[in-house]
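Peer 1: Using my numbering, read the sequence shown as starting at 375 and increasing by one per residue.
Every residue gets a Cβ at the ideal spot worked out from N, C-alpha and C, and that includes glycine.
As the structure is a prediction and not an experimental result, all values here were calculated from the model.
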Amino acid sequence: AADITALRDSTLAMLGRADFERLLVLHPLALNKVFAQAIFNHLRHASQAVERRHAQIFVVVPLDAGTAAHEVAQGLTRACAVFGRAYQVPPDAQSMVDPSATGAWSGKDRYDDLEEQYDFLIYEADPRSLSWAKRAFRQADQVVFVARHDGPAATGELEHLLAREPGYEMKRKHLVVLHPADADMPAGLMHWRDGRDVERVYPIRSRHVGDYARLARFLHGKAVGVVLGGGGARGFAHLGVLRALEQAGIVVDMVGGNSMGALLGAQYACGWPLDEIRDRTVRFARGGERPTLPVISIVSGRRVERDLRRMFGERTVDQSWLPFFATACNLSRACTTVQDSGPLWRAVLASNSPVGLFPPVLHKGDLLVDGAILENVPVAAMRARLGTPLEKRRGNGTVIAIDVDVRDYMGVDPAWPRLSVRRTIQGYFRRGEPASPGIGDILYRASHIGGLHQRARTMVQADHYLEPPVASFALMGYGRAEKIAEVGYRYAMQEIERWTRPATRA
């Protein structure tokens, strides 16, 4: 026996045991073929996204009467039209519902026709008509709650009412926080999650086509996430890749990064131009750092913290129209910590604190350092965020990973009996002579060893894994930022052309 939960109002046909056994006797081969095919299809497609054969239905639910749910429904309908035929069910459709009906729709035939005609149906719930709101909710595959940025964040009566509807836990739920069209940056979003069972909170500007397009891509499983790895000055190649993506019309829906990738990704999420990001980062990197008594770390990290505070101000991680996260290695818990809330400067600082070189960043009592110890290109974190709690199959979005960490050999002359301080110092001044690695080289290599070790596994998790040819550039070569970015751009343009090239038959 098995329990089945219907996600929509449905008509149930029952076949008794005696009737089933009679059919089995009369048509044994036909029934066995049906069940065998069903099992085969399930096993064959268990790890793949399922192609829907009926319309995807969304219901837009305002959290209070003053929320412009109609605008959101309209914007979502237009954005969904990119992926197929979309239709916004007018608010007056509730007049077609028979108030005395307790199960099926009185206008069932018409709604069946709409599902056959369109790929997407967008309903608009009306808090003034609870019967219509509940019916629209029951028919929906996904629920889009809508709130005003300056409205009450507490869960309302309609939310509590819908939470008691059958199948509530099985529906994908989202929250749109509507902002004015001219808003510079969104209000903090994390408090909207309190007491709410939603996958994601989307800040959307009124009438902003791009914001609604991003919402539709997330809901449709077509969002693009870009992951930026660490690698010092070689990370400027990220800017070239981002430029290439923009020119190719590939819109980034989420950005995540570690170390240098976190620093660049945070600025990109803020909406700053790529050239400005490059210049800001060069000035930041040239600021230097003051050595300190090496009890906790070699340098104090105070200058870096000060400059990051100046760069990002009081902005929090969730105060950007483009979703962003930074990763760090949690020394206290021996795991990767994904930072998607709190001060933006602190998230970037933790991700840019190489163990031993910089002091760990404190976060709720835990010690955070550069995440490259475990994963330098945080593809797993991006894959988890593009996926959904209910549909963990591959196919939810596209992950583009950019790896600028050079996996070169670190060794010395086999004849050397030990590492030499003299050779290390001479290596800084005499080009061409074999040098002994210094403490900075050793600490950097140690902090990246985990990410290098599991690179093969990281590559498999990404849809596109880019490795710009930056090995010839020095780790600290910030003076060549423009050249490094150009190398990343040219490389990415070639890769994108290869992705989009029509397949040719052999």
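Would you say G604 touches the ligand SAH, meaning its beta carbon is less than 6 Å from a heavy atom?
Peer 2: Of ligands this structure carries none, so the ligand SAH is not represented either.
Peer 1: Given R683, which residues of its chain have a CB within under 8 Å of its CB, disregarding the five upstream and five downstream residues?
Peer 2: So the qualifying residues of the chain are W719.
Peer 1: When we look at the beta-carbon of E395 and count the other beta-carbons within 10 Å, is it buried (16 or more) or exposed?
Peer 2: The residue is exposed, with fewer than 16 neighbouring Cβ atoms inside 10 Å.
Peer 1: Just how far apart, CA to CA, sit L386 and L398?
Peer 2: Approximately 21 Å, taken between the alpha carbons.
Peer 1: What span of residues does the alpha helix (DSSP H) with Q516 cover, start to end?
Peer 2: It is not in any alpha helix (DSSP H) - Q516 instead sits in the beta strand (DSSP E) that spans 516-522.
Peer 1: Would you tell me roughly how many angstroms separate the C-alpha atoms of Y865 and P697, rounded to the nearest one?
Peer 2: About 26 Å.
Peer 1: Exposed or buried, W646, counting other C-beta atoms within 10 Å across all chains shown (16 or more means buried)?
Peer 2: With fewer than 16 Cβ atoms within 10 Å of its Cβ, W646 is classed as exposed.
Peer 1: To the nearest angstrom, how far is it from the Cα of V471 to the Cα of W506?
Peer 2: Caution is warranted here: a pLDDT of 48 is assigned to V471, below 50, making its placement in the model unreliable, and the coordinate value is therefore given only provisionally. The straight-line gap from Cα to Cα measures roughly 8 Å.
Peer 1: Taking CB distances under 7 Å as the criterion, tell me whether P788 reaches chain D.
Peer 2: Here there is only one protein chain, and chain D is not present.
Peer 1: On the premise that A555 lies in contact with H582, defined as a C-beta separation below 8 Å, what is that separation, rounded to the nearest angstrom?
Peer 2: At roughly 7 Å, the Cβ-Cβ gap stays under 8 Å, so H582 and A555 are in contact.
Peer 1: Pull up the DSSP beta-bridge partners for F732, would you.
Peer 2: V729, per the DSSP bridge assignment.
Peer 1: Throw me the rounded Cβ distance for the A700 and S725 pair, which I believe falls under 8 Å.
Peer 2: 4 Å between Cβ atoms; contact.
Peer 1: In the DSSP output, what is L488 paired with across the bridge?
Peer 2: L488 pairs with nothing; no bridge assigned.
Peer 1: So the beta strand (DSSP E) E498 belongs to, where does it begin and stop?
Peer 2: Run containing E498: 494-498, per the beta strand (DSSP E) assignment.
Peer 1: Please report the distance separating the alpha-carbon of A442 from that of V673.
Peer 2: Cα to Cα, A442 sits roughly 52 Å from V673.
Peer 1: Which class does P554 belong to by DSSP, given the choice of helix, strand or coil?
Peer 2: In the structure shown, P554 sits in coil (DSSP, three-state: anything other than H, G, I, E or B).
Peer 1: Under a three-way DSSP split, which group does L549 fall into?
Peer 2: Residue state, collapsed to three classes: strand.
Peer 1: Would you decide whether H827 is buried or exposed? Buried here means 16 or more other CB atoms lie within 10 Å of its CB.
Peer 2: Label assigned to H827: exposed.
Peer 1: Assign C709 to one of three DSSP states: helix, strand, or coil.
Peer 2: Three-state DSSP puts C709 in a strand.
Peer 1: Which class does N750 belong to by DSSP, given the choice of helix, strand or coil?
Peer 2: N750 falls in the coil class under three-state DSSP.
Peer 1: So the beta strand (DSSP E) C644 belongs to, where does it begin and stop?
Peer 2: It is not in any beta strand (DSSP E) - C644 carries neither H nor E in the DSSP assignment.
Peer 1: Looking at C-alpha atoms only, which residue of A754, H838, A746 is the closest neighbour of I774?
Peer 2: Out of A754, H838, A746, H838 has the C-alpha closest to the C-alpha of I774.
Peer 1: From G603 to R664, what distance separates their C-alpha atoms?
Peer 2: Between G603 and R664, the C-alpha separation is close to 26 Å.
Peer 1: Can you tell me whether C709 is buried or exposed, with buried defined as 16 or more other CB within 10 angstroms of its CB?
Peer 2: C709 is exposed by the Cβ-count criterion.
Peer 1: Among R502, A587, L589, A643, which has the Cα closest to the Cα of L613?
Peer 2: Answer by Cα proximity: A643.
Peer 1: What does DSSP give as the partner residue(s) for L742 in the beta ladder?
Peer 2: In DSSP, L742 forms a bridge with N704, V735.
Peer 1: Less than 7 Å separating the beta-carbons of D649 and M564?
Peer 2: Not a contact, by the Cβ cut-off of 7 Å.
Peer 1: Would you be able to state if there are at least three C-beta pairs under 8 Å between the stretch 732-747 and the stretch 812-823?
Peer 2: Yes, they touch.
Peer 1: May I ask you to list the residues that DSSP assigns as paired with M628?
Peer 2: DSSP output for M628 lists G599 as bridge partner(s).
Peer 1: On a Cα-Cα basis, can you pick out the residue from L705, G716, P752, R546 that is closest to R829?
Peer 2: Ranking the options by Cα distance to R829, first place goes to P752.
Peer 1: What first and last residue would you give for the beta strand (DSSP E) that runs through H838?
Peer 2: 838-840 is the span of the beta strand (DSSP E), which, as asked, contains H838.
Peer 1: Report, in whole angstroms, the separation of the C-beta atoms of R676 and G662, which I expect to be a contact under 8 Å.
Peer 2: With a Cβ gap of about 11 Å, R676 and G662 do not count as contacting.
Peer 1: Return the Cβ separation of L495 and V463 in integer angstroms, given the expectation that the two are a contact with Cβ distance under 8 Å.
Peer 2: At roughly 6 Å, the Cβ-Cβ gap stays under 8 Å, so L495 and V463 are in contact.
Peer 1: Assign M850 to buried or exposed, taking buried as 16 or more other Cβ atoms, counted over all protein chains shown, within 10 Å of its Cβ.
Peer 2: Result: exposed.
Peer 1: Distance check for R689 and R502, CA to CA, integer angstroms please.
Peer 2: Those two C-alpha atoms are separated by around 37 Å.
Peer 1: Below 6 Å CB to CB, which residues in the same chain sit around H428 once its five sequence neighbours on both sides are set aside?
Peer 2: Cβ within range, chain order: E489.
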